[in-house]
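Visitor: Chains as they are written, first to last, in our numbering: chain A, 10 to 677; chain B, 5 to 160; chain C, 898 to 1241; chain D, 52 to 338.
Think of the CB as a built atom: it goes at the ideal place given N, C-alpha and C, for glycine as much as any other residue.
Okay, here's the structure, questions in a sec.
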């Protein structure tokens, strides 16, 4: 092998403490080195030309550059060498600047060390192999899991860029929590007014395939090449025939028996139902758990009234598979279910607040429904128990959030804002009403957020009390709220007509299961984990799977939308090329020696190790060996260190290369 | 006069945290002693204990291994797997009587340039006091060119 | 020539002198092992002991031995010869089955290429053999031309007499010279010390010629499918064997620019022994490798060098972790009809 | 003895097992490994205090077995190897017909009678005379008073030595090594198709019996056994040079237990020591 060595002075950065000509001279005597020179700025055009010229004239096979950190200019020199006809992976960098000249003062010592570092690189490069970047075809389609505002935004962004999207929503309609909201902070514009056009856009978009009432069952494959199995739950209604006339729901005899999920249990719905009037798709589903036909075999009222014969009681769950290149997870959140008995939950709950016991203790989403024009009270603020207008209302923040002993240690982030909004909406509708807010801190970071809270306090005269509520009980139709005003240092007792709890946002219950299906990580609360908290906030550790919205952590609408657009952009980056190019630094199995112990599989954080059967020509199983899925492998090399026979090696950092460097240590 | 002993330290560092932390030390011009030679690996999970043996065989008086803090691994869990191996390996060396106190471990993140300098200087100082790793150097005798052989035949 | 005897004490005195003269003395110790002894007191000669766990072949054919050292220097490679070991070696208390091995393996080391490293050690050596008063279910020296009194390979031979005396027989000129050099320690045999009688019998197990004929004709016999079935493929048998002589040549690095080329023991029972660079292995299972072991010992070596590559010491069987007994295998071959089950 | 023969005979007759890896009688009371392939062969099968071999070493040969179950006669110590092999994907439980034998100790020196002074080290600290699971169980359980665990005493002694003394101790032991690899070949857990020391292009790990080569081999072997050795002591038994190899592997097993509470080969479902981690693994040695 003919190796060329190039020592960079980096102006004076290296040259001041390292005697570069001497290093170059010393390198010339290393076995294998046929060319050695030093130059003021190796990374400059003339410097790069020196390398290219030497490659051509001396027919070099490999190049070692002594320069700054490989993190700086490794790519530069690789490119230069590639343009002169050497494979870019036949280039090694010795870090003479950050790891030598900048940290030492003695010229003799620094020069000796520089020579050693060069020798390491020269010995290492002897075991480098020409590598090609890995090219993986990309299926330019995306799967979006969850049809809330995040999923809708991500789907529209990708679809508008011209790529197909499969949008999976587990409920009968898309829209998510945002569709339940009354008005949104800090502008107080109507949530549905801004959301429903988007929902319709999704439905009508030629590039979006909407699979409502469906769930992701299984995911195989890797970045650019996922195969997703989706369960389409039986709606008992033939979607293609239904016109959404609504007659079936109207005629359904069990009308008042089921609680409306959309109205958070504050109203009822029929057994065949659409969740809300603006639902997309506007196709009803039969809730088989309450439907008389499914319980007794009799009724069939909906079937009788349907002019299109769209009702199909025999429908079964079906499975579809979709090939996609990227997956955006936007499964959202749910509210901490505070009425849950402690033994069913690891969290203690807030039994003392009487949620679930007293009709007039409600949570934030229920208040949204009450305040919503489309809600059960048509937007009039009426309390659930007797449908009277509450004159005194208490809002309690941080129910479950920031409370390690009873709930979760994190801040749910949106409650300060929506509580201010609730109080404001209440005051706007009930002018003579009194609103009290128990808070721990008011966290209102965000554009126009603080101003919004100030408005609630100063213009709408909402009473903010800093302190916690210890107990709520009912007395003569009033809710007695006992708390403490920590600023005044006094106990507070309020006789309220309605109490609204800002319960914590928590991860969806099925989140860990989905995380396992997708092979992404999740934190102890069930929120999905990003690849890097700062620099890769929407990516996961599984390539091609991105996060959007509150499934990652509590966040509000603008943040969710921004994150969704970011996730869409990440997908689009992926779709920007026909082939996915990756550094070829991945593990490779020597099938002839692999004994199939699969310790590599155990240590692999990326599920990149698969089982491969080796068969002879007659088809008889010879052995089962490890196989690296090059799409999933990230190149950490833990498998390589674990493999007892070194039958799996990390290309680019294999044993030969590292041992060669260690061996060169003998001459230090 | 006897020449002052200067220890040779082989340092295996992960690419993402410690190597970058050492880069930061350089960028910050934090001066350190020149006895350590870094060998870059993608992750501490890539470090096979055989590397340590080879380093001692090749004359290292001390070996330093450093990577990302637990939980910060670029590859999720490489450092956790590595840590488990080190515990076993250190115990093995101890039992065989190979001075495992010449083996140093640290977590140095990409932002801990100063910590890196302190660790490197600390290791160099400690090994300087210990002196050369004679135990291991002795083992090379059989494969070294015997002193009695004066001149060899040169072949091109 | 007059008959000589020597007392155990005088023998030790000779050893003492030898050690003082920088001679390497290899002898059996109280743990019944061959070792390079440092003091005459370590020496224990017991004709009734079981053959040592390992033979003393490593003192002539070391388990690892440098052929040369190298140093790379830019485009040159400097080669250095190892320092030849010219010290005199005296082996004391070799059993006939140990001593006989040296002339056997000498043939392969002097066949086309003369192995100087081996020869210089052999030339500088003196083997003092001793008759054997031991026999167990693994011994079969007498089946392949040896005997407990066989002097093959020895320069001087000792036979135990009463009162810690040995009758001394000189066999070679080297032995002659040795006796002459240390004559003051030898006494004339006046017949006072009665020879110690051998109390064990060496039964006849097989007819070597019959075995050889069978091996000549049954390379592909079904017998081989099961003969080595339980073999695990370690080289215990070969490495303790006095006659196994296979070696591997490897380069070992000392740093990136220097190293040595060494000759190390190797064994046909290793799966890598015949593995080609292509990945193909003509002896791809242990059964074939075991056939090779038996055939080499009892047929090929005979064909080529007119010797059985075995002295019947039984070491390989005594130490085999799976109790694969070479004698049993050969006995079984002996009982097989010629050309039985041949699948040619 | 009839019981074992009968079980095996029935198993072979009823095709519960395609063949049975067991022991057969050899010269002078010894026994040796044997594969019984027919019901008639089963007559030769036996078990005694001389049945030292861990027959699980033969199992990895049959890892892609498709032709029916493999019968194997195991003592409780051998069963750990079987368990470990299942854990490490070398064989499937469903492919095995396990004939457990109650064992009351095996000999150290096969040339001698079994007695207090002729007992394998492993028997001295054996916890289970009856294999924890099996498809058939043979042999009467006999009480036998085990001598003291002198190896544990030796280990404690070595632990108390200074590092220099320990190195000297091991140097004297490793010096004997002739690289015959009997320790590896006889080990049921050393099932690699190509050992790391056989990687010869180039030879990074010395294969010579030099001081350096002997150390690197023995260190690597012990390390590769860390958390994997099931303690059958076959390596030490097979070593023709008498190196006390199990001191190393047993020590690593003790470390695996003291540091991680892990014992290999004791559970078919527990994740292996290597290949898993705990975020709370000790790290007081890491700065």
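Is there a Cβ from chain A that is less than 9 angstroms from the Cβ of residue 12/B?
Guide: yes
Visitor: Can you pull the DSSP bridge partners for residue 44/A?
Guide: For residue 44/A, which the question treats as bridged, DSSP gives the partners 13/A.
Visitor: Indicate the three-state DSSP secondary structure (helix, strand or coil) for residue 335/A in the structure shown.
Guide: strand
Visitor: Looking at C-beta atoms only, is the number of pairs between the region 79-86 of chain B and the region 316-330 of chain D that lie closer than 8 angstroms three or more?
Guide: yes
Visitor: So, at 7 angstroms on beta carbons, what are the nonlocal neighbours of residue 670/A in its own chain, with the 5 sequence-adjacent residues on each side left out?
Guide: 129, 132 and 133
Visitor: Of all the CB atoms in chain C, is at least one closer than 9 angstroms to the CB of residue 136/B?
Guide: no
Visitor: Going along chain B, which residues have a C-beta under 8 angstroms from residue 1015/C?
Guide: Within 8 angstroms Cβ-Cβ: nothing; residue 1015/C doesn't reach chain B, min ~19 angstroms.
Visitor: Are the C-beta atoms of residue 1026/C and some chain B residue less than 9 angstroms apart?
Guide: no
Visitor: Would you call the region 598-615 of chain A in contact with the region 241-249 of chain D, where contact means no fewer than 3 C-beta pairs closer than 8 angstroms?
Guide: The region 598-615 of chain A makes contact with the region 241-249 of chain D; the number of CB pairs closer than 8 angstroms reaches 3 or more.
Visitor: Chain A partners of residue 1150/C, CB-CB under 8 angstroms?
Guide: At a C-beta separation below 8 angstroms, residue 1150/C has these neighbours in chain A: 672.
Visitor: Could you spell out where the alpha helix (DSSP H) holding residue 286/D opens and where it closes?
Guide: First-last of the alpha helix (DSSP H) with residue 286/D: 285-289.
Visitor: Based on Cα-Cα distance, which residue from 449/A, 431/A and 80/A lies nearest to residue 508/A?
Guide: 431/A
Visitor: Are residue 67/D and residue 151/D touching if we call contact CB-CB under 9 angstroms?
Guide: no
Visitor: State the Cα-Cα distance for the pair residue 142/B and residue 263/D, rounded to the nearest angstrom.
Guide: Spanning the two alpha carbons is a distance of roughly 9 angstroms.
Visitor: Taking DSSP as the reference, what is the three-state secondary structure of residue 409/A?
Guide: coil
Visitor: Using 8 angstroms as the Cβ pair cut-off and three pairs as the minimum, do the region 1165-1177 of chain C and the region 268-276 of chain D touch?
Guide: no
Visitor: With DSSP as the reference, label residue 83/D as helix, strand or coil.
Guide: In the displayed model, residue 83/D falls within a strand according to three-state DSSP.
Visitor: So the alpha helix (DSSP H) residue 424/A belongs to, where does it begin and stop?
Guide: Element bounds for residue 424/A: 424-438.
Visitor: Would you mind telling me which residues of chain A sit closer than 8 angstroms to residue 1131/C, beta carbon to beta carbon, in chain order?
Guide: Ordered by position in chain A, no residue passes the 8 angstroms Cβ test against residue 1131/C, which lies about 17 angstroms from the chain.
Visitor: Assuming residue 128/D is part of the alpha helix (DSSP H), what are its boundary residues?
Guide: 127-138
Visitor: Looking only at its chain, what residues have a beta carbon closer than 6 angstroms to the beta carbon of residue 646/A, apart from the 5 residues adjacent to it on each side?
Guide: Shown here for residue 646/A: same chain residues with a beta carbon closer than 6 angstroms to its own, the five before and five after excluded, namely 659 and 662 in chain order.
Visitor: Could you pull the DSSP bridge partners for residue 644/A from this structure?
Guide: For residue 644/A, which the question treats as bridged, DSSP gives no partner whatsoever.
Visitor: Does the distance from the CB of residue 157/A to the CB of residue 177/A come in under 9 angstroms?
Guide: no
Visitor: Helix, strand or coil for residue 977/C? Go by DSSP, reduced to three states.
Guide: Residue state, collapsed to three classes: strand.
Visitor: Sorted by chain position, which residues of the same chain lie with C-beta nearer than 6 angstroms to residue 47/A's C-beta, five sequence neighbours on each side aside?
Guide: These residues qualify, in order along the chain: 16, 29, 30 and 33.
Visitor: List, in order along the chain, the chain D residues whose C-beta lies closer than 9 angstroms to that of residue 1147/C?
Guide: 251, 254, 257, 258 and 259
Visitor: Leaving out five residues on either side along the sequence, give the residues of the same chain with a beta carbon under 7 angstroms from the beta carbon of residue 393/A.
Guide: Correct list, in chain order: 275, 368, 369 and 371.
Visitor: Drop a sphere of 10 angstroms on the beta-carbon of residue 1188/C, count the other beta-carbons inside from all chains shown, and report buried for 16 or more, exposed for fewer.
Guide: buried
Visitor: Just the C-alpha distance for residue 533/A and residue 36/B, rounded to the nearest angstrom, thanks.
Guide: Between residue 533/A and residue 36/B, the C-alpha separation is close to 41 angstroms.
Visitor: Can you check whether the C-beta of residue 1229/C is within less than 9 angstroms of a C-beta belonging to chain D?
Guide: no
Visitor: At least one CB of chain A closer than 9 angstroms to the CB of residue 247/D: is that the case?
Guide: yes
Visitor: On the CB-based measure, 16 or more other CB atoms within 10 Å of its CB, does residue 176/D come out buried or exposed?
Guide: exposed
Visitor: Could you check the C-alpha separation between residue 272/A and residue 21/B for me, to the nearest Å?
Guide: 50 angstroms
Visitor: Could you name the residues that DSSP lists as bridge partners for residue 492/A?
Guide: 478/A and 501/A
Visitor: Could you have a look at residue 351/A and say whether DSSP puts it in helix, strand or coil?
Guide: Its pLDDT being 47, under 50, residue 351/A is placed unreliably in this model, and the value from its coordinates should be taken loosely. If DSSP states are grouped into helix, strand and coil, residue 351/A belongs with the helices.
Visitor: For residue 292/D, decide whether its Cβ has a neighbour in chain B, counting only Cβ atoms nearer than 9 angstroms.
Guide: no
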